[in-house]
Structure formats: structure tokens, C-alpha cells
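Below you'll find the structure, written out as C-alpha cells, and then a few comments.
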Amino acid sequence: MTIPTRRRAWAAPALAVAMVAAFAAPSLPAAAADPVPFHSDGNPIIADGSYYTADAAPLVADGKLYIYAGHDEADPQQGTFNMHDYSVLETADVASGDWVHHPQNLVPGDVFAWATGDGAYAGHTVQGDDGRFYWYAPVQTVDASQPNRMAIGVAVSDTPVGPWTDALGEPLLDWADVFGTSTNGQEIIDPHVFRDDDGTWYLYWGSWYVARAVELAPSMTELVGEIHTLDGLDSFFEAPWVFKRGDLYYLAYDWKDAGSDCTPSNYQACIAYATADNPLGPWDYQGIILGGTSSTTVHPSIIEFDGSWYVTYHTKDADGGGHFRRSVAIDEVFWDGETILPVTQTWADDPALELTENVALEATPVASFTETPPMRIGALNDGRQLTALLPPDQWGNYRGTDNTRESDWVAYTWEAPVRVDGAGIQFHRDSNWIQPPASWALEYLDADGAWQPVEADTYPTAVNTWNEVNFTPVTTTALRATFNGAPEGPYFHSVSVSELEVYGVAADAVAPVEVTTRPGVAPELPEAVRLDFGDAGATWAPVTWFPVDEADYATEGSFTVQGRALGHAVEYVTATVVVDDEAGPTPSSDEQAPVVGIALLGDEGAEGWFSSEVTARVTADDAVDYRTDIEVRLDEGAWEANADARFVEVVLDASGTISARATDAAGNTSEEVTREVLIDTDAPEVTAVVDPETRATTVTATDALSGLASLRYSLDGGEWSDVASGDEIPAPDALPHELAYRATDVAGNVTAGSVSIPIADASQLSGNIAPYAAATATYTAPWNTVDGVNDGTAAPLEDAPGKLGVPWGTWPEVGEQVATLEWGYEVTVDGSAIWWFQDSDDAANAGMIAPASWVLQYLGEDSEWHDVVLTDDATYDRARDQWNPVTFEPVTTTSLRAVMQSWGEEEGGGSAGITEWQVFAADTDPGEEPSEEPSEEPSEEPSEEPSEEPSQEPSQEPSEEPTAPAQVDVYSVPGFHNVNGRWWFTECEAYSQTARCETQIWASTVGERNGEFVQTNGWTFNNLTYLPWMTRAQWGENPLANAGEFTSDGRQWRTECDTALTGTNGCRTWVMADYVAGTRAADGTWTYGWTKDWVFNNMVRFGN
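For the sequence shown, the residue numbers in mature numbering (1 follows the signal peptide of the UniProt record, and there is no 0) are -32 to -1, 1 to 1072.
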């Protein structure tokens, strides 16, 4: 999932564009593309993906229906609208499917001299009193001084399909007309024009939950009077459309209420309408007439044409369609008096009739938890999303970055048993807290209603790709996937899934179906057919039948009907229909009683306990009847009957017993089935106490109902260990630590927390000590956390964005912002590094941007803040997507703060934030040689060839060896070191019978890019060091340990040993390489060029 940015701002332009002749005279008519006749079998009108249309607005003229639409041109994975022109769809008969397409009929960039040509969003065309046609188009202006540049222009033509010219020479309505000099408001988009019976014209528009209207002059190019805000439109989002029927005014619109049944995600919309006695309201909300389509918006319009009423909208159902590649659809509207009846959405190819092995499409999805909004449970089985994803295309379980719940589950339930043997799934991740699961598994409900694991070999977790799992076939009414979140310290990452398919097994045979009916009476086709799976038995499969023509059963005879049986993808099933005047019911010879099962769905722990409310699902399967009469009761209560049921669901919120029985049409009654339900929703009670003298921690946990199952602890995000309640956990050393604990009861309820173990007296920290501090800030955006300042797990200056934790941000605040780290005890530090939270370029003047300037301050003994004193080469940098380190004279303090001056000068114009902040303790203790000794006899010799080559474009020859204090050997001691004002970082790994350390140095390097020499700051390779764990004899003839020149992989190498440069008992190796060398002139300027010379690569130190 991508967690959505919970903010929206009007981005102030970086530079106002000077306009010459900004409001030009009307342009010459712009030529449109040639019209294209085509036939459409249904919705979407253009279904083949050759052209994507959106934001339909119909007009009836000259006995034809014209639909004016925008043109989506986004690439498949583009997550924004790309719209530059409009087209027109024309028909004389909607039912015929015969249309004419007029592509690129209006190109705003050609018609409006004042427009950029971008943002050609939803427009509307009407025929004015003068008989001409006026197209109201919301497009982007070149006037960069507007807080938002969307404005409504008017194009005019003598025909419904152009050619079009600018009717006004300037926008009819822009930001300043509505909001004046204010920077707060909504985009000026989605215009709609309505003419009342008295000849008065009105212009409507609206977005971002506000609808407005104003009177329009008969000239069609001038506004009259004040702008009105419309009242009474429940959950209005955008796209108002007004029409009149009888004496009542109707307003259809995009309805959005995030978290509701119709729009569980805040990225969805439904079609609703309201009525009024006046075109300006107040409006009375009437309800929803079409639920959310496959696209995030719908943009409705309703119009009468040729004696029928129609609604137009858009979906992403065309081939290759997506949220930004939409297609216009049209369906008929029916009335009940003054009430609009719910609209039935139709398709050219009804998805319910497509043969598919994916039985998930007809399952009911449930989950232990769903982050709603913005995600939704229905995303799991609404079809694969092959274009740019949005949150409503995903199910996710994001609870925050402090989530202590390890696992969540999603499940599918089916009305009838399905025979399945595989599943497909697609996981996603974001830059925040959503990651692929650490592991996951599938379970199915067996005939006794118990969950059993499927027999599968692997469970892949790759993200942004399709993963499939094959397993031994099972017959079940439910399948459950449980995802275990990836751990990070005491917390667990969230999981996101865009689709979970389940694959049905084709039956060996289908039981024959024969139906009788009388002439003129529509046959009652069965809801399901019986599928035979051989030794695995038979099951019912629901069937979707193709429509039956009335002529087929008008007279006596017989005919066949095809249908799609769930999971049986190899062929359509067939029913024979006999039409007979003497047709009557066929007597049944059923003597077998139904089989009843009770399955429990909920958050299941161990020993039959649940930690949530439980849904008891009672099913009854009968060999003859698809439906039976099911009775249920709780404990010793009365039996409750449910006639003609496939299943019955009962929700329990406390422990109890559920009993069930079923009776088929022949009167056969099943045995009574009973199941006990155990529920414990109370988490364990936990106390954790740190002894101030011994620094040992005692964790005590109790659980009153299901009992305590486990008590575990973790130090500083490390491995979890079991501990008995009440046992003492000793502090591992004298350093400060964070001890996290987690108590779980038998039902699965978890109580988690942490305690801080203080530093022992006279102890010294090393490395990055920021995680030991508590972070505070002058301001934190509601969707961020100040703990993000120092929550990462990256090693000092490690270039690992995935280990930086979550960011801390201050959007939309600007001005001075301060982040503070407080240890609560004295620390001595001499370096720091900040990775800025930046999601926008500097020129954008919006979003998160590295501060214009910043300074580090420490809290002195006088309780005052003082600037640190930087070392000679240190600077306060603001580079993006990398560390910005500074070194300074050591200071002893209890608190350090970063004082930042925001980039932006006005609210929302560029706010400061930190993705991660590291603070480095001053080196005080000598480094230690590795304690492990090599074997007497090495099991293998080192590689015959040098293991790593230097960068091809070093700016200068690396430092031969730092003049480090004797106590710190930067080439052999792993970790981060500040020596002589330079940053060094070393990592070591086992190599043959020794260890090999790679050392990097933070430096300025120069490389050639696009013909220019460019300087960058960052980590660059310094050298490799082989530690003295092997004798010279053990190295043998390896060229790295013997003086001389050699060739490897076509490159020249040179090794020196036991010289003044290498020192005794060691060797150094250089490689001949091309690199950029710099020459400094007397005036201090540098010139660069390529040169070829020996470049230092590695050293070998021999053991004794």
C-alpha cells in the first residue's frame, strides 16, 4: 500500500510567469480530427482501450444525443491525470450501439490563448438562445499568480461538433472571481449549465465538498449577481448536474463519505441526487442511485432522449483501463413517480458470465482488521489492477508504526462449497511502514468446521509481482490467509494486498439439468447445479444463466440455456427447458437428510479461544435441495427458524454454545450439531519495574480468563526471549537499553510495552547514540510522529533508506522549527548527521523541503543553548536523499537540538522535516583486534584475484592512511570513526581463514556527467584490508601477498611488500585505472581532466 499523504495544499507557484497579451482576441476556429463511426456492444462505449474518455456530459440536439467527454492519456502506471483535449460521442439511437466518435474535437491549448493546454477536466456543452453551441471547459491558465490556476473558459461553435473558437478571449470564471486574494478555496472545475423554464441560465461548478452556482447572462459569456453556495447536498464531493422534471429540480453529483458502505475508501465516489423547488436550492438529499464503479470518480449526468432517461458516468472497465484511463458508460434510468430508482449497471461483456477458474470473485471477503479508509476489504476480490494503484485497490492492516499485533487474517466464504487447488496474490510495500509479510499461510474449513492448513510447498512474498501457491485440492466453504508482519524491534510492519485469487478445480461431470414450464411462463432455472468430482464427492455450484428470450418459451417445445457454474471454467453448463401445456411439479424421492456444519470465524488463539467477537456460520448441504430450512439456538434458548437458507450467520460477543439442525424439502431432518464458543477479549495485566540500584527488570503478567500463554522480552529491538512472570531480567551491561515486553494470553490478546534501563554511573556510549534519546519538537504534523526523528535502525551513515524508519514533519508550518534529543544523562559527542525529509524539489515551494539553513546547539551547564563549534571542513549541508554529516569540537551535554529555518516563507510553501537523525559519541576507548584466531591449516587459500576493483572515476587518489590516534585503527575496527576531522566507515566480513574489511571515507568526488565534471559529496571507496589472521606462508603465492606486477581480467595490478610505504610484515596492491584528476590554480580555482595511473586498492597484514 501506499499510505496516503493526509494533507492537501494549493501549491504556490515558484515564479509568476509574465504574460504578453494575456487576454488575446478570439482565435481562429481550431480544426478537429476526422470523425470515426463505430459500433459498441455496450459499456463502456469505447471498450477496446484505443481511446479513453471521461467526465461525460450529454446534450440532445438535432434529434441526436451528443456526449462530450475528456480524454485520458495517462500511461498505464502513471498516477496522475494527463488530459489535454476533449472528444464527442454521437448517436441517433442508444440501443442500436451505433456511434460516431469525434476525437480531439476541442483542444483548449489551441482555442484559448490564455490557457496552458493542461488540465482539460470535465466540461459541459449547451445550445444557447441564439442557437449556437457553448462549451464550458475547465482548463489551466497561464496566470501563475493564482493560488490555483484552474479556470472556466467558453468556446463557441455553430454546430454541436465544432469547429470551436474562444467566445470571450479570457476566462469566464477563475480563482480570483470566487475567492479574491485568499489562498484558501477549491478548484474551479466541473462546470454545468442549466436553463430554467423562464429562460434564466445558471452556471454550476464544484469540487472538494463545495458546490456553487451563479446566474449566467443570455449572452452565455457573462456572470450575473452573486455566487451562491449550495446547501443540503449530503456528502457532496464534486460534479453537480442539474435538470428539471415536471415541477421539481434534480441535482445529481459525486457522493463521498469515506468509511461508509458505498465509499469505504476516501478515493471513491457514488452517484447520489437531491431535489429542490428552486434551481439554487435549498436541496433535499434523496439517496444513492449507483454505487461506486470501478474508477475512483463517476461524474454523473442525467438526460432525457427519445422518450427514455439515461445516466452517463465513467469506469475503468475498458481494456487497459485504470483510475487515470477511464471510459464513458451509459445506462437507462427508471422512475417511480418523482423518485429515481437505483440504476442497474450494465456491461457489453457481463463479468458474471465469463468463464474463469477464479472463484474468489464470488466470495464474501472478511478480515480481522482493515485500515478503512483509505483501503477496503473489497479490493481483495474485485479483479487484478494492472495500472497505477490507489489505496482503494488494496486491502491493508496499517495500525501505525507502533503496532504490536504480529498477524492479521483475511478470509473468503462461499455460499456453497468450492473445490480449489491454488491461490494467487500480489503484495505491495511503501516507503513508510507497509512491507511484505515475514511469512504467510493458507487454511481451509474442513467438513467439521475446523481450520486446517492446505498442503503447499512455498509461500512467496515478493512485492509488485504476481505470486502463486499450488496446493493439494480441498473442498471447503471458506479459505483463510494469515499474514505475519515483518518485525522491527518490538513492533510489526503492516501488509498490503491488491488481489487474492483462488482457483477452482474443473469437475469430472455435471449433473444433467431439465426444467419444465408452460407456454408463456418464464422457466425457473436452478440456482445451482451439482458438480461431480469423482472420489472427492459432489458439491453444489451456483450458476449464472444467460438471459432467456421470451420467444423461446412462447409455444410448446424444448430449448437449451447455457450458464456459468462457479469454478467450472472448462465449459458452460447446459439446462434443457421443456415447454409443455401439461407441465407440473416432479415428485421427489429424497430420503437423505442434510449434513450440518458450524464454522467459527474470528481472531482465534489456542485451545479454542477467540480474542474477538465470533461469527458462527451454520451451513447445510443436501444432495437434492440447494436450500434447506436451518434452525439455530444459543445455549438453552428457543430455536430460530431460517427458511430456504444456504447458511445462517450468528454473531457472538461472549462465550456460549450454538446448536443447529436443518430440514430439506422432503422433510428429512439432520442430526443436531453443537459447538462451544470461547471468547476472551481482555488482554493480560502487566507490570514492569526497573530496580534503580541493580538496573534489573521484573515483568509480571496475569490473565483472568483464558490464562497466560507467553511472556517475552526484547532488548533494543533484538531477538525475543521467553521469561517467567515475576523473574528478574538482569541488565546486560552498563549501557542504557530499551526493554520491550509482550504478554499474550491463550485467546491471543496482547499487552505490550517497554521500560528504559538507565545508563550505569561512569559509563561511556559509542557510535550513534541518538536512539538512546527522547525526541521532542516545536511542532509535529498530525500524520507524522516526533519519534520518527530517531527511530531508524541504519548503521552510522549507512546508505539504507529502508532502515531510516518513519519521518518527522512539520507541514504546513514554516519559519523556525526545532527538533531536540534529550538523553537524561551526560553524553560526550563530536558529530552528527541528518537525512532530511524532502518530497518536493526546492523549486516547487511546496511540501517537505530541506531547511534553508540549520544549526546544531547543545545544552550547556548554565542551562543555556550554545552553538557547537564546527571543525575546519564541516558545513551545514541540505542535500536530498543522503546523509548530511557535520563534525564539531566535542561537547558534554544532556541534550542536543537542531534549529532549522524552513525553506518556505508562507504556510505550505516548503516545511522542514527529518527522516532520521544520528548523533555520534566521541571516540574515547581503543579499538580491539578481532578475538577469533584462524586455524593452523587454512581450509582454502584466498582468492587468486583481487576481490574488488576501485571506482572507475575517483576524483583523486584516496588517502594512503589516516594519521589516526594510535587507539583507533580505522582500517581494522568496524564502525564509524571521526579522525582528523574526516568521517570513516569500516565493515568487516569473514574471508577464507582471515577477515576482510572494507573502508569508505566521506569525501568530495568529481565525475563526468553529460560532458561536464560534477562534484558530489558522499561515501567513496578507500581500500580493502586483510587482517593479520593468516601467516605469510598461509597466503602462499597469492599475488596480493607477493611483490610484483600481474594481470587479472585484462587489468594491470602491482603489489609491494615490506617497503617503507607498506611497513614490515605487510603488502599493498595498486591497480592501473582511469580517474579524474584535479589541478588547482593560483587563484584557487580547479580544473579537471582524465588521467591513468596506479590507484591504491588493498593491503594485506600478515600474522605471526
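Built from N, CA and C at the ideal position, the CB exists for glycine as well.
For residue j and residue i, believed in contact at Cβ under 8 Å, the rounded distance
i	j	result
Asp140	Ile157	Reading off the sequence shown, one finds Leu at residue 140, where the question assumed Asp. About 13 Å separates the two Cβ atoms, so there is no contact after all.
Trp209	Ile270	6 Å
Val616	Ser627	Not quite, the Cβ-Cβ distance comes to about 12 Å (not below 8 Å), so this is no contact.
Ala226	Leu201	Incorrect: roughly 16 Å between the Cβ atoms, too far for contact.
Asp690	Ser678	7 Å
Nearest-angstrom Cα separation, counted from residue j out to residue i
i	j	result
Trp1062	Ser1016	15 Å
Leu864	Phe451	40 Å
Thr231	Pro159	24 Å
Ile195	Val94	21 Å
Gly488	Gln154	58 Å
Ala934	Asp891	Confidence in Ala934 is poor, its pLDDT being 38 and thus under 50, which makes the residue's placement unreliable; the coordinate value appears in the next sentence. C-alpha separation (whole angstroms): 12 Å.
Trp1021	Asn438	53 Å
Tyr459	Thr988	34 Å
Ser262	Thr283	5 Å
Val483	Pro491	7 Å
Ser879	Glu781	6 Å
Ala406	Gly472	27 Å
Pro515	Pro553	23 Å
Leu191	Ala15	39 Å
Thr1053	Ala742	45 Å
Ala711	Ser682	12 Å
Gly47	Ala842	41 Å
Glu966	Gly943	11 Å
Val774	Cys1035	45 Å
Leu569	Ala477	32 Å
Trp82	Gly38	19 Å
Val110	Val75	16 Å
Leu33	Ala504	56 Å
Ala672	Ala762	41 Å
Glu901	Ala1045	Since pLDDT at Glu901 reaches only 33, below the 50 mark, its modelled position is unreliable, and the value read off the structure follows with that caveat. The alpha-carbon atoms of Glu901 and Ala1045 are separated by roughly 42 Å.
Glu904	Gly1004	Residue placement at Glu904 cannot be trusted, given a pLDDT of 32 that sits under 50; the coordinates are not used to answer.
Ala630	Asp558	15 Å
Whether residue i touches residue j by CB criterion (8 Å)
i	j	result
Tyr281	His291	no
Ser526	Val497	no
residue 1073	Asn1066	In this structure the chain extends from -32 to 1072, so residue 1073 is not present and cannot be described.
Gln236	Pro360	yes
Thr512	Gly535	no
Ser722	Pro704	no
Phe204	Tyr177	yes
Gly457	Ala622	no
Arg163	Asp126	no
Ala212	Asp165	Reading the sequence as shown, one finds Lys at residue 212 and not Ala. For Lys212 and Asp165, yes; Cβs fall inside 8 Å.
Ala430	Gln45	no
Problem - Three CB pairs or more closer than 8 Å across the region 442 to 453 and the region 400 to 412 - result: yes
Practice task
Take every Cβ of the region 874 to 893, pair it with every Cβ of the region 729 to 745, and state whether three or more of those distances are shorter than 8 Å.
Solution key: yes
Problem - Cβ contact check for the region 554 to 565 and the region 635 to 655: 3 or more pairs under 8 Å - result: They touch, by the three-pair rule.
Handout entry: beta strand (DSSP E) runs wholly inside the region 957 to 990, at least 3 long, in chain order
Key = 962 to 977
Problem - Three CB pairs or more closer than 8 Å across the region 799 to 806 and the region 849 to 860 - result: yes
Handout entry: Cβ contact check for the region 81 to 99 and the region 60 to 67: 3 or more pairs under 8 Å
Key = Not touching, per the Cβ criterion.
Problem - beta strand (DSSP E) runs contained entirely in the region 384 to 467, provided each spans 3 or more residues - result: 407 to 413, 419 to 421 and 435 to 452
Exercise for the section: Identify every run of the beta strand (DSSP E) within the region 249 to 279, keeping only runs that are complete inside it and at least 3 residues long; order them along the chain. Expected result: 252 to 258 and 269 to 273
Exercise for the section: Run through the region 593 to 622 for me and flag every whole beta strand (DSSP E) of 3 or more residues, listed as ranges in chain order. Expected result: Those beta strand (DSSP E) runs which fall completely within the region 593 to 622 and span 3+ residues are 596 to 602, 608 to 613 and 615 to 620.
Exercise for the section: Could you tell me whether the region 319 to 327 touches the region 292 to 299, using the rule of 3 or more Cβ pairs below 8 Å? Expected result: no
Handout entry: At least three beta-carbon pairs within less than 8 Å, the region 739 to 759 to the region 956 to 975
Key = No contact exists between the region 739 to 759 and the region 956 to 975.
Exercise for the section: Count the CB pairs spanning the region 582 to 590 and the region 609 to 624 that are closer than 8 Å, and state whether there are at least three. Expected result: yes
Practice task
Pair every Cβ in the region 644 to 654 with every Cβ in the region 664 to 672, then say whether three or more of these pairs are closer than 8 Å.
Solution key: Per the Cβ contact rule, the region 644 to 654 is in contact with the region 664 to 672 (3 or more Cβ pairs under 8 Å).
Exercise for the section: Could I get the ranges of all uninterrupted alpha helix (DSSP H) runs contained in the region 90 to 177, with 4 residues as the minimum, in chain order? Expected result: 143 to 147
Exercise for the section: Give, in chain order, every unbroken run of the alpha helix (DSSP H) that is at least 4 residues long and sits entirely within the region 527 to 581. Expected result: none
Exercise for the section: Determine contact between the region 379 to 393 and the region 331 to 345, defined as no fewer than three beta-carbon pairs at a distance below 8 Å. Expected result: yes
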